[in-house]
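One structure below.
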Amino acid sequence: FIIEIENRGSSAAQSVGLSCELPSGLQQAEVAGPTRYLADNGVIVFQSLPKLDPGQKAVFTIKTTCLRSGSHKLRARVGSDSISDPLIGEESLIGIER
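Numbering (the numbering used here), first residue to last: 102 to 199.
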């Protein structure tokens, strides 16, 4: 999964954080991003970016291993001091157990 967070606003976003929930059929294999992260029981929480300027992007990558064949859905949540409600997105995939 590749998650891009882009500030499309006209002012800097402050304290931008990302958390992701993996479904039980997927296991994290490799995680990368511009900040450190903590992972526990299928939840990955990235340390907040202090600031994301207008037009700037932050890219996070989560590689997984399929534990159970079938349809799986990753849920991502982006929060910031600059927005009142978090942004929530989901991405589905069909996995084949290896």
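Idealized CB from N, CA, C, for every residue including glycine. Here the structure is a predicted model, which is why all the values come from computation and not from measurement.
According to the Cβ coordinates, are residue i and residue j closer than 7 Å?
i, j, result
"Gln-129", "Thr-165", "yes"
"Leu-119", "Phe-102", "no"
Give me the Cα-Cα distance between residue i and residue j, rounded to the nearest whole angstrom.
i, j, result
"Tyr-138", "Val-179", "14 Å"
"Ser-111", "Gln-157", "11 Å"
"Glu-198", "Ile-106", "30 Å"
"Ser-183", "Ile-195", "35 Å"
"Asn-108", "Cys-121", "19 Å"
"Pro-124", "Ile-189", "15 Å"
"Lys-174", "Ala-133", "19 Å"
"Ser-149", "Thr-136", "7 Å"
Can you confirm whether residue i, when its beta carbon is compared against all beta carbons of chain C, has any partner nearer than 7 Å?
i, result
"Glu-198", "In the structure shown, chain C does not exist; there is a single protein chain."
Throw me the rounded Cβ distance for the residue i and residue j pair, which I believe falls under 8 Å.
i, j, result
"Arg-169", "Gly-126", "4 Å"
"Pro-151", "Ser-193", "Between Ser-193 and Pro-151 the Cβ distance is about 32 Å, and since that is not below 8 Å, they are no contact."
"Ser-181", "Ala-114", "5 Å"
- Task: Could you pull out every unbroken beta strand (DSSP E) segment of at least 3 residues lying fully inside the stretch 124–197, listed in chain order?
- Result: The stretch 124–197 contains, as complete beta strand (DSSP E) runs of 3+ residues, the segments 127–133, 138–141, 144–153, 158–167, 171–180 and 188–196 (chain order).
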